[in-house]
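Q:
Number of protein chains: 2
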Amino acid sequence: MARLLASLLLACCAATARAQVAAPAAPATLPASYVEAFGTMWTFDAPPLDYWKARYGFTPDAAWLDHVRLASVRLPNCSASFVSADGLVMTNHHCARACITAVSPPDTNYQRAGFVARSMSDEKKCAGLYVDQLRSIEDVTSRVRSRITGRAAAARVAQRDSAIAEIQDACQRETGETCQVVSFYQGGRYSLYRYRRYPDLRLVMAPEEPIAFFGGDPDNFTYPRYDLDLTLLRVYENDAPHRPGDYLRWSAAGASDGDLVFVIGNPGSTGRLLTYAQLEYLRDVEYPGQLASLARTIAVLEAYAGTDEQRRRQYENQLFYAQNSHKAISGYRRGLLDSTLMATKHAFERDFRRRIQRAPKLRARYAGAWDAIAGARAEQRRFATRARWYGFGGSQLLAFAGVLVRLPQEAALPDSLRLPAYRGQGLETLRAQVLREVPVDKELEKLTLAAHLDAMRKELPATDPLLTALLGGRSPEVAAEALIEGTTLGDVAVRRRLAEGGAAVRASDDAMVVLARRLAPISRAVAARNARLEAVVSANAERIGEAIFAAYGSALPPDATFTLRVSDGLVRGYPYNGTVAPYRTSFYGLYARSAEFDDTAPWQLPDRWKAARERLDLATPLDFVTTNDIIGGNSGSPMISRDGEVVGLVFDGNIEQLPNRFVFTDAVARSVGVHSRAITTALRQVYDAAWIADELEGRPAAAR
Amino acid sequence: MARLLASLLLACCAATARAQVAAPAAPATLPASYVEAFGTMWTFDAPPLDYWKARYGFTPDAAWLDHVRLASVRLPNCSASFVSADGLVMTNHHCARACITAVSPPDTNYQRAGFVARSMSDEKKCAGLYVDQLRSIEDVTSRVRSRITGRAAAARVAQRDSAIAEIQDACQRETGETCQVVSFYQGGRYSLYRYRRYPDLRLVMAPEEPIAFFGGDPDNFTYPRYDLDLTLLRVYENDAPHRPGDYLRWSAAGASDGDLVFVIGNPGSTGRLLTYAQLEYLRDVEYPGQLASLARTIAVLEAYAGTDEQRRRQYENQLFYAQNSHKAISGYRRGLLDSTLMATKHAFERDFRRRIQRAPKLRARYAGAWDAIAGARAEQRRFATRARWYGFGGSQLLAFAGVLVRLPQEAALPDSLRLPAYRGQGLETLRAQVLREVPVDKELEKLTLAAHLDAMRKELPATDPLLTALLGGRSPEVAAEALIEGTTLGDVAVRRRLAEGGAAVRASDDAMVVLARRLAPISRAVAARNARLEAVVSANAERIGEAIFAAYGSALPPDATFTLRVSDGLVRGYPYNGTVAPYRTSFYGLYARSAEFDDTAPWQLPDRWKAARERLDLATPLDFVTTNDIIGGNSGSPMISRDGEVVGLVFDGNIEQLPNRFVFTDAVARSVGVHSRAITTALRQVYDAAWIADELEGRPAAAR
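From first to last, the protein sequence lines are chains A and B. The first sequence maps to residues 1 to 704 in our numbering. The second sequence maps to residues 1001 to 1704 in our numbering.
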């Protein structure tokens, strides 16, 4: 469900700013295999017109590009599009989850049961939800860079941040729209993205989760697939349906084998510019740590929620995100374990560094960046185990205690000497987080903390000071029980009192606060050392981003930044499982997979689908695959023909696509979409919602 | 189609006989992981009763074992079983191909159109087809060994062969049945297998090939799968249906998830006793050579037959066998490229050799065998490229010429100095082959020979004497054209004249004969050297077989020898493609896969199946998977419950099972069968053959 949601940590604006780079050189010629490795997430200010013409004979004019851009919108963590003259917005079921739950009446869970408005007046307002429409892009690299004049790193970051804030503020003032400065190429370029925000969205139609997410976690990230992962919303303005100037028309035929298809959407983040040393560190250190942590979370949640229906509902989202992340990261890591992928990276890096070596100006500026990163990562490896455990992990209450203890200590230091999370606005953000009311489930906290301590005990030496402080000679279970029972930090009023000043924290005899006071000095040195090395990596990654842009201009599309991209691809099956995966699945296949698991979850069909079986032409396409370049954030992207008509709706990639995070390939990696005919067929035959299907297909209102 | 046919070269009787070994030692305890690696192809004279009891609580008595053995029969290259009181025999469609074609009337191809007898009187006699029923097994190891008294290898082989012939003859004389001495453990043990032969088989029912082999070559060796790979025959005696004392009753429910299932059948050949050096040689030398040769054959046949319907029919079988072999060998080789599989082999070999080293008697007798094999393989690697090309390959006509030239030359030598194929009975076998009338397609011969020469030219140095003799400065195409046009060896009368004596061959100016005279002396030294090394490998492989039997007795099931085995397994899905493969497929899935390829071949449904759709309960199981241990030769094996009832019909393994040839595993390797309910459902609903379904289900004849 969350499979193509954008990561919440965007690449945007995270890196440290650097001095103005040389003006982009004439793009050098790169071997085709390297170009392909950078994929096809093209920005709208640098569409690859020559490549499209050569490859597909496709020559869109500016009007085509403007039209599809304006018909596309962005949800807070997904993509979407206008698909009717009356402001219907199409996205995935898993992108509108919060709204579907929020608008459910007390006696019905629309998440499970689905929702279909019987007319416009029946549509349900999604409080707090909005979509952003990209109105313009402007290169502001020199405006940002000209403001960075300091020498010290901290000063330069502050100058960059204030330059960005000023540009954004000015834009917002002048236009009244939502403005965002985005960095591309790890800081190699800055662009001002201006959005029109539509803040009134209403739920029109959402299928039952068991069909939207048919196959559940097992089938997640796979193909052949049989999901109707769809939600239809409508934008309102002044309580009337918005009539967008640009919306995507519906294709009656939908996607066919071999068709050219464009995906317009907002991929969240890729790592195609990462150095070899960064990839090795991900593979050997970061991903294994994340996978182990997610596996613990999944095991605890399954054990805790498995037997109890109420708990199952309460934690199914959380379990879901953990399973989804575990499967995704396993796939990313599998890519990094693939010798072919790593060899491609290696060859590119060697070639790229040779080019930098050959140009004296570039060499002076950039040549040292790779070794600097490799050196930092090598040092980080030396204490990676401690760095992983030396915090306040395993319990939300312990995390609160950690922040409460650190807030006065870090606030007393000059900004540049603080731990990174406490710098600048961070201090206030953390304080606000601690003071936010959140439900705490003490039983779950105990299990989570015990699992955390147990894992920690297996990885750290028995004499480790942090471990000793945490366990105090007790078993993980006993320690967790004592800590959770010995704290009142679950009460926001208690946290508020402790957040008022250092004295209260110093005096507290709350078990978690006492513990956090002991842990804080032990862990700080490790955290500070790690932060210093992360800063080295980040600063040098930005240098490499500049170098690649300096050397090749926009010949290579930049890494994903949750900004609007257009990706070209073909509808195409692929070799799989010793045979061939078809380019599309069918309703037959849906009923087949359900029957073949004897109609058990997560392959159990909703009653509505069982009842509709006889009415359906089972040969109708359901899902299909293309070679488009997508990643988390692309969920809900429209898939359109060269005529700009909707032929499908992106909702996932296959398992083979996950390594595309680092190197794009299309031999077996595929994007998975819902076929446009599946959507209208389901609306008419299963959901008795011909009026919506008519609207999508542009039939006159009279006929509705 | 041929996927589980037995290889024509059986392991039986091929190895050289050796001196009597020590009496089997008490079975040593092997780590469970090694035992598992030897799989579950149990012989009926050593059923693993303790293991079955411990693992499944299953304790069959002798009557159960006798019953299922006598209900099972063997076709010339497949397995089968009696499945009704009136002698119905169940096997695969691809096992009865020759009969189905032979009984087709001139205007109908039953292969394509299917055949269903409307009553017994409508059944069609399969000329030349028979089944063998295993009546008894007798250990004759000491009877064979006591006759081997010579010292020279050739004498020992002759003594062994005559001992075997005498035992077989005596058995046949005494019982009037078909007797066969089979070697197990590469010669570690000899057993007398006595069969009752039933020579009158008639075709009762065969579905259309497009449903029997739905998915064709792409889906071959894969799962999920949707094939009705079935043929029903009937045994007649004295023109009346045979009433077997033992036949398998039909299970109404068929296989369910988790069920214990036994496969009774005749696996053809495995290589679980091969040494590490033998496996490496297969992986690096033999398999790559075979794959390249098969790929050439496939490319030539596809190009030649692809455009012409008549040719397509003529060569579809041949193309089929080539594709099937290519896919199988690719899978075997993938296993050998798998580091985990090779590590298992290595660990077992190290452990085994250590045990042999520790026992002085065994050490003296066997310790040198592994190094002898490794040494021979190492030497073979040095001239493997020449050995591959130094023959009369690439053309049937050239092969004829080669034999005609060599026959008088080899006949003039003492038997032991001849090339192996010309020793003993080989001389007459080869002569008979050359004198057999066979159609020769000159256009295809030219293409095949040109492809062969082209590949040869890429692998051998330009100055190679054999290559120079073949090409004579011409391009492969020109040389092939000249050779094929310059020979009359396609005419059997010409071959007969040349086979009459050496003078005719020496005088011939036929282009192929002239060429063969030049090639014979060049290639003979290479062939002789290779043969000598193969003999070293074979003799030492037999020593290792003796060693394993001497060390462990029958604790480990012997390699497959196309003799009757009983394998235990469970009905069970498995992890696949990032998700889970269900334990069974459905008729829904059949229609799905056809629709998803837009009803194109090889996923095109026969008309009868299109018409029957509305009548079928599409949720009915079609195929299913189990963890049973099978390989080529098991095609047509019944899959039975612990009650001895038919729950399915083996027809294939999944792609993950192919490496089981060398090491058995059941994590993802699966046997694929047709579900018993699919058979009766299809008979009733698709083929209007309720009388056959009734007979299978044991309904009284009155009801039929």
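Here a beta-carbon is modelled for each residue, glycine too, at the ideal position from N, C-alpha and C.
1. Provide the residue(s) that pair with C171/A in DSSP beta bridges, ordered along the chain.
2. Sort out for me which residues DSSP pairs S1079/B with in a bridge.
3. Going straight from the alpha carbon of Q425/A to that of A165/A, what length do you get?
4. What does F597/A reach in chain B if we use C-beta pairs closer than 7 Å?
5. Suppose you measure from the CA of A550/A to the CA of R1584/B; what does that come to, to the nearest Å?
6. Output, in chain order, the set of chain B residues within a Cβ distance shorter than 7 Å of A619/A.
7. Should P557/A be labelled buried (16 or more other beta-carbon atoms within 10 Å of its own) or exposed?
8. How would you call T966/B, buried or exposed, if buried means at least 16 neighbouring beta carbons within 10 angstroms?
9. Kindly list the residues whose CB is nearer than 8 Å to the CB of I522/A, restricted to its own chain and excluding five residues on each side of it in sequence; keep chain order.
10. Closer than 8 Å, CB to CB, is D1239/B near chain A or not?
11. According to the neighbour-count rule (16 or more other Cβ atoms, all chains shown, within 10 Å of its Cβ), is S1395/B buried or exposed?
12. My output table needs one value for G1375/B: the three-state DSSP class, helix, strand or coil.
13. Please classify N1077/B: is it buried, with 16 or more other beta-carbons within 10 angstroms of its beta-carbon, or exposed?
14. Just list the residues that DSSP pairs S1671/B with in beta bridges.
15. Classify T1463/B: buried if its beta carbon has 16 or more other beta carbons within 10 angstroms, exposed otherwise.
16. Beta carbon of S1084/B, beta carbon of L1696/B: below 8 Å?
17. Closer than 8 Å, CB to CB, is G335/A near chain D or not?
18. Let me know if P210/A comes out buried or exposed under the rule of 16 or more other beta-carbons within 10 Å of its beta-carbon.
19. Checking contacts by CB at 8 Å: is P1606/B closer than that to chain A?
20. Alpha carbon to alpha carbon, how far is R255/A from P621/A?
21. Straight-line CA distance for E1237/B to Y1130/B?
22. Between the region 1552-1570 of chain B and the region 1181-1192 of chain B, do at least 3 Cβ pairs fall closer than 8 Å?
23. What alpha helix (DSSP H) runs, 4 residues minimum, are completely inside the region 1151-1214 of chain B?
24. Give me, in chain order, the residues of the same chain whose beta-carbon lies closer than 6 Å to that of G1039/B; leave out the 5 immediate sequence neighbours on both sides.
25. What residue does the alpha helix (DSSP H) around I1484/B start on, and which one ends it?
26. According to DSSP, simplified to helix, strand and coil, what is A1412/B?
27. Closer than 8 Å by beta-carbon distance: list the chain A residues that pair up with I1640/B, in chain order.
28. With 8 Å set as the bound, which would you pick, yes or no: does the beta-carbon of Y332/A sit closer than that to a beta-carbon of chain B?
29. On the DSSP bridge list, what partners appear for W42/A?
30. Is there a Cβ from chain B that is less than 8 Å from the Cβ of M1/A?
31. For T222/A, name the three-state secondary structure that DSSP assigns.
32. Can you find a C-beta in chain A that's less than 8 Å from the C-beta of A1023/B?
33. If we define contact as Cβ-Cβ less than 8 Å, is I711/A a contact residue for chain B?
34. Between the alpha carbons of D1694/B and H1242/B, how many angstroms are there, rounded?
35. Confirm, please, whether the CB-CB distance from L1570/B to D1229/B is below 8 Å.
36. How would you list, in chain order, the residues of chain B whose beta-carbon sits under 8 Å from the beta-carbon of T222/A?
A: According to the data block:
1. According to the DSSP secondary-structure assignment, C171/A is paired through a beta bridge with no residue.
2. DSSP lists R1074/B as partners of S1079/B.
3. Q425/A and A165/A: Cα-Cα distance of roughly 13 Å.
4. Near F597/A (Cβ distances below 7 Å), the residues of chain B are P1582.
5. A direct Cα-to-Cα measurement between A550/A and R1584/B gives close to 57 Å.
6. In chain order: A1595.
7. Under this definition P557/A is a buried residue.
8. Because chain B is modelled from 1001 through 1704, residue 966/B falls outside the range shown and cannot be assessed.
9. Counting only Cβ-Cβ distances below 8 Å, and skipping sequence neighbours, we find Y390, P465, L466, A469.
10. No, no contact with chain A.
11. Within a 10 Å sphere around the beta-carbon of S1395/B sit 16 or more other beta-carbons, which makes this residue buried.
12. Three-state result, G1375/B: helix.
13. Residue burial annotation: N1077/B is buried, with at least 16 other C-beta atoms found within 10 angstroms of its C-beta.
14. DSSP, once it has assigned bridges, lists T1626/B, G1653/B as partnering S1671/B.
15. That one is exposed.
16. Yes. Within cutoff.
17. In the displayed structure, chain D is absent; the protein chains listed are A and B.
18. With 16 or more neighbouring CB atoms inside 10 Å of its own CB, P210/A falls in the buried class.
19. Taking Cβ atoms only, chain A never reaches closer than 8 Å to P1606/B, which makes this a no.
20. Before going further, note that residue 255/A is Ala rather than Arg in the sequence given. About 9 Å.
21. If I take the Cα positions, the gap works out to 12 Å.
22. Two segments are said to touch when three or more pairs of C-beta atoms, one from each, lie closer than 8 Å; by this definition the region 1552-1570 of chain B touches the region 1181-1192 of chain B.
23. Scanning the region 1151-1214 of chain B for uninterrupted alpha helix (DSSP H) segments of 4 residues or longer gives 1153-1175, 1209-1212, listed from N- to C-terminal end.
24. Within the same chain, and ignoring the five residues on either side of G1039/B in sequence, the residues whose Cβ sits closer than 6 Å to its Cβ are D1629, F1664.
25. Counting along the chain, the alpha helix (DSSP H) containing I1484/B begins and ends at 1476-1485.
26. Note: A1412/B maps to coil in three-state DSSP.
27. Residues of chain A passing the Cβ test: none, with the nearest at roughly 22 Å.
28. Not one chain B Cβ lies under 8 Å of Y332/A.
29. Note: W42/A sits in a beta bridge opposite V566/A.
30. With a pLDDT of only 29 at M1/A, under the threshold of 50, the placement of this residue in the model should not be trusted; the figure read from the coordinates follows. No, M1/A lies away from the interface with chain B (no Cβ there is under 8 Å from its Cβ).
31. In the structure shown, T222/A sits in coil (DSSP, three-state: anything other than H, G, I, E or B).
32. For A1023/B, the pLDDT reaches just 34, beneath the cut-off of 50, and the residue's location in the model is therefore unreliable, leaving the point undetermined.
33. Shown here, chain A extends from 1 to 704; a query on residue 711/A therefore has no answer.
34. The alpha-carbon atoms of D1694/B and H1242/B are separated by roughly 18 Å.
35. Not in contact: D1229/B and L1570/B (Cβ atoms no closer than 8 Å).
36. The answer, in chain order, is N1577, G1578, T1579.
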